[in-house]
Every structure is written in C-alpha cells, then in structure tokens.
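Take a look at the structure below.
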Amino acid sequence: MIGKAQGAPISITGLGAYVPNRIVTNDELSTMVDTNDEWIMERTGIRERRIAAPEEAFTDLALPAARAALAQASMDAADLDLLLCATVTPDMMFPTSSALLADTLGAKDAAAYDLLAGCTGFMYALVQAYGMMAAGLAERALVVGGDVLSRILDWTDRSTVVLFGDGAGAVVLEKVDKPGFLGFELGADGAGGIHLSLPGSGSRRIDDATGNGFVHMNGREVFKFATRVLVSSAEAVLERCGASVEDVDVYVPHQANVRIMDHAAAKLGIPRERMVVNVDRYGNTSSGSIPLALAEAQAAGRLKEGDLVLMTGMGAGLTWGSALMEWTG
Ligand code: COA
15 MIGKAQGAPI SITGLGAYVP NRIVTNDELS TMVDTNDEWI MERTGIRERR IAAPEEAFTD
75 LALPAARAAL AQASMDAADL DLLLCATVTP DMMFPTSSAL LADTLGAKDA AAYDLLAGCT
135 GFMYALVQAY GMMAAGLAER ALVVGGDVLS RILDWTDRST VVLFGDGAGA VVLEKVDKPG
195 FLGFELGADG AGGIHLSLPG SGSRRIDDAT GNGFVHMNGR EVFKFATRVL VSSAEAVLER
255 CGASVEDVDV YVPHQANVRI MDHAAAKLGI PRERMVVNVD RYGNTSSGSI PLALAEAQAA
315 GRLKEGDLVL MTGMGAGLTW GSALMEWTG
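The opening residue of the sequence shown carries number 15 in this note's numbering; numbering runs sequentially from there.
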C-alpha cells in the first residue's frame, strides 16, 4: 500500500517518550548468557538497553510518554477522539491497553484500540490515525508505540536477549496549516513471518511446549529482509511524493541494529549525520523505537520547521512501513 497524502494537512503537534530506569549493559548480559560486549557491539552497535521493573507493564511506559506528548501539544486528553496503541506486549489481550490508557488519561470521548504489526506497529498506527483524520472520522489522535519485549524473551537465548529493550513513545496528531505528512508506504509479507515469531501466543495450538511464549528469530533471514525493505520502502515513499533522497534532512529508521541502519543509509545515499541513532543506548524497543528516536531528535534540536523527515520501520509479520513529512514545529 502506498499513497500520497491528500486533503487537509495533518501533522505531529506533540511528542513524548519514556524508558524504564533500569539499565542493563552488555557486561551484565554476559553474566546471564554466553556473550560479550565485543560481539554485541560489533554485530549490533548496542551498548545497553532499558529493562522494565517486574511490576511495570506496557501502559506504565505508555502513560508518561502519552502525557508528555499531550503536554507538548497543549492538549487535554478529554479532547482526543482517537487513541491507538501499537504493541505486541499489551498489559493483557483485553481489555486493550488503549482502553486502559484512555481511561487513565481521561480521554473519555476517544475511540481506543490496539494494533499489532510487530516492530512496524507505530508506523501502521500512524497511518491508521492519519487515514481516520483525513476521512473526517477523527480530529485529534494520540498514537502510542511501545513494548516490554523483555517479558517475551527467553533469557537463556543469547541470540535474542542482546538485541531488545523496553520503551515507549507517543505522538499527538492534529490538523495544521502547513503540509505535515506528505505520504506513506506500508507492506506485509506473511510468507516470511516464520523468521520472527512468538509461538504459543494465540489460538494456534503448539503441541511442543518448548519455547512457547518466547520470541523465535532467524537472525540472518531477518537481517536480509531488514536491509532490503528499509531501502525499498523509503525509495517508494520518496518517489511517490516526488522527493529525492538529497531532500531528506532527518532520517529515522527503525532502531534495530547499527549495522542494518548504516547499510540502509549508505544504500539510500543519506549521509550518516542525518540519521538519528539511539539504538546504542536502548537496543531495539520494537514499536517504541521510532517515536523514541523522534522525541530524542527533537530534544536535541534536530527537528526544525520545514525539515523533511523520513521514517521507516520494519519487523515481525514480516511488515514494513515508511512516512515522509515536513516537520511543522
Ligand atoms: N554472543 C556471542 N555469540 C553469539 C551470540 C551472542 N549474543 N549470538 C550468536 N552468537 C554466535 C552464533 O552462535 C554463531 O556462532 P557459530 O559461528 O559458532 O555458529 C556466531 O555468533 C554467528 O552467528 P550469526 O547468527 O551468524 O551472527 P550474525 O552475524 O548473523 O549476527 C544478528 C546475528 C542477530 C546480530 C544478526 O543476524 C541480525 O542483526 N539480525 C537481525 C535481527 C533483528 O534486527 N531483529 C529484529 C528485527 S525488528
């Protein structure tokens, strides 16, 4: 699915992010599984990640991120008419985390539902909210992306525990005078889904209980997929919007792994200094990754009015998605 934005301009008017306090370094991980800082740094560029406390669930991370985004947009939660949470680690399957969050925030008039698209969840939810607003079905939306992946990792599996971390980010979307979102591209390839899966997490019965409920990943296949779609999705949205890669001021790829991100930036021809990188400090926070990176870029003064911002996510499904926007400040 690919599309150029049409109709009234819609943009991000508030950004917020939250990560748990606890830092787990590569050295600490090497006391749990057979790994070491050198291997992790060389293959992933990850130095440390944040891990939620036992009592912290997804909405505990989503709430401060959502409050910060609402505050930045000077919006009262009661004025929201749409609230979407993209996560594969909701507090529980139902009630949805979106409904719980809406209640805590006081978003009493908002339609609220969760959306699943693996690490691409935030991008899917962004497009979903944009579409609802462009169609006139909603005026003000809050989109939260985040995960507590530490809950679904097998902490004896060195091939996955080194990659992921916990975190959440949120954006407020509103109608604006300036362009804002210019276009999107989303895609899914279920045939490749087996390469990144969570067996035993749904209605598909798995008789062999080994490893059920934990992330299973074929790292090499996911690596090949990721390096391919980060490039093809970005090129597709740029082409559709009549923009060229030289126009991109800020590039925010899914923070999966520095090697994957560097490969994508080089293939696209985006200078590394235009890419936002925080995977070294947070690891792959799944649906939290892009809004977390955006919020940090903004805090560092890297998002200026008129900047062309390119975001591309990818993950389980297998799924991918890009958005191109002109930052409206
Ligand atoms: N520490 C030390 N050694 C490790 C290790 C770890 N944490 N994990 C795996 N190894 C070992 C393997 O057992 C293997 O050993 P062997 O050669 O003796 O068999 C060796 O390191 C190489 O493993 P391999 O899986 O081929 O490494 P790789 O170069 O493909 O890197 C990933 C592994 C996971 C870093 C890489 O495949 C990757 O980044 N994939 C994408 C993952 C991703 O981004 N997923 C989320 C997408 S949203």
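Note that CB positions come from ideal geometry on N, CA and C, so glycine has one too.
Supposed close pair residue i, residue j - CB separation, criterion 8 Å
i    : j    : result
V186 : A309 : At roughly 12 Å, the Cβ-Cβ gap does not stay under 8 Å, so V186 and A309 are not in contact.
A182 : A337 : A182 to A337, Cβ: 18 Å. No contact.
I5   : F228 : Nothing about residue 5 can be reported from this structure: the residues present for the chain run from 15 to 343 only.
A71  : V158 : A71 to V158, Cβ: 13 Å. No contact.
V245 : A278 : 6 Å
Cβ-based neighbour list, residue i, same chain, cut-off 7 Å, excluding 5 preceding and 5 following
i    : result
T342 : S25, V190, K192, G194 and E319
V259 : L252, L282, G283 and I284
A83  : G28, L29, G30, L156, A184, V185 and V186
V92  : For the record, residue 92 in the displayed sequence is Ala; it is not Val. Within the same chain, A92 has close Cβ partners G120, A121, K122 and D123.
R288 : V262, D263, V264 and Y265
L43  : T49, V175 and V176
C255 : K18, L196, G197 and L338
V236 : H209 and L210
L130 : V102
D41  : D51
G297 : I60, R63, L177, F178 and G179
Three-way DSSP call (helix, strand, coil) for residue i in this model
i    : result
V185 : strand
F178 : strand
I24  : strand
M146 : helix
T103 : coil
N292 : coil
A341 : It should be pointed out that residue 341 corresponds to Trp in this sequence rather than to Ala. Correct three-state label for W341: coil.
W334 : strand
G108 : The sequence given here has Phe at residue 108, not Gly. Here F108 sits in coil by DSSP.
F195 : strand
E62  : strand
P267 : strand
L114 : helix
L130 : coil
K318 : coil
V245 : helix
A240 : helix
S211 : strand
A85  : helix
V33  : coil
G327 : strand
N40  : helix
M46  : coil
L96  : strand
V251 : helix
D161 : strand
I16  : strand
G201 : strand
L156 : strand
A125 : strand
Close beta carbons around residue i, own chain, < 6 Å, minus the five adjacent residues each side
i    : result
V243 : M328 and W334
E188 : T27 and R154
A116 : L97, A124 and A126
D321 : D263, V264 and W341
S247 : E199, T326, W334 and S336
A22  : K189
A250 : I16 and E199
V323 : V264, M339 and W341
Contacting residues, own chain, Cβ-Cβ under 8 Å from residue i (five flanking each side not counted)
i    : result
D164 : The sequence shown places Ser at residue 164, not Asp. Result list for S164: I65, A66, F178, G179 and D180, in chain order.
T110 : C99, P104, A126, Y127 and D128
D95  : D123, A124, A125, A152, E153, R154 and A155
A311 : V264, V266, V290 and L317
V272 : T58, G59, I60, V291, V293 and D294
R207 : Checking the displayed sequence, the identity of residue 207 turns out to be Gly instead of Arg. So the list reads A330, G331 and L332, once near-sequence residues are dropped.
Check whether the segment 129-143 touches the segment 82-101, counting contact only when three or more Cβ pairs, one atom from each stretch, lie closer than 8 Å. A contact between stretches requires three or more CB pairs, one per stretch, nearer than 8 Å, and the segment 129-143 meets this requirement with the segment 82-101.
Does the pairing of the segment 296-311 with the segment 230-247 give three or more beta-carbon distances under 8 Å? These segments do not touch.
How do the segment 261-270 and the segment 207-214 stand: do at least 3 beta-carbon pairs fall below 8 Å, yes or no? Segments in contact, no.
Three or more beta-carbon pairs under 8 Å between the segment 108-121 and the segment 55-62, yes or no? No: the two stretches stay apart, fewer than three of their Cβ pairs being nearer than 8 Å.
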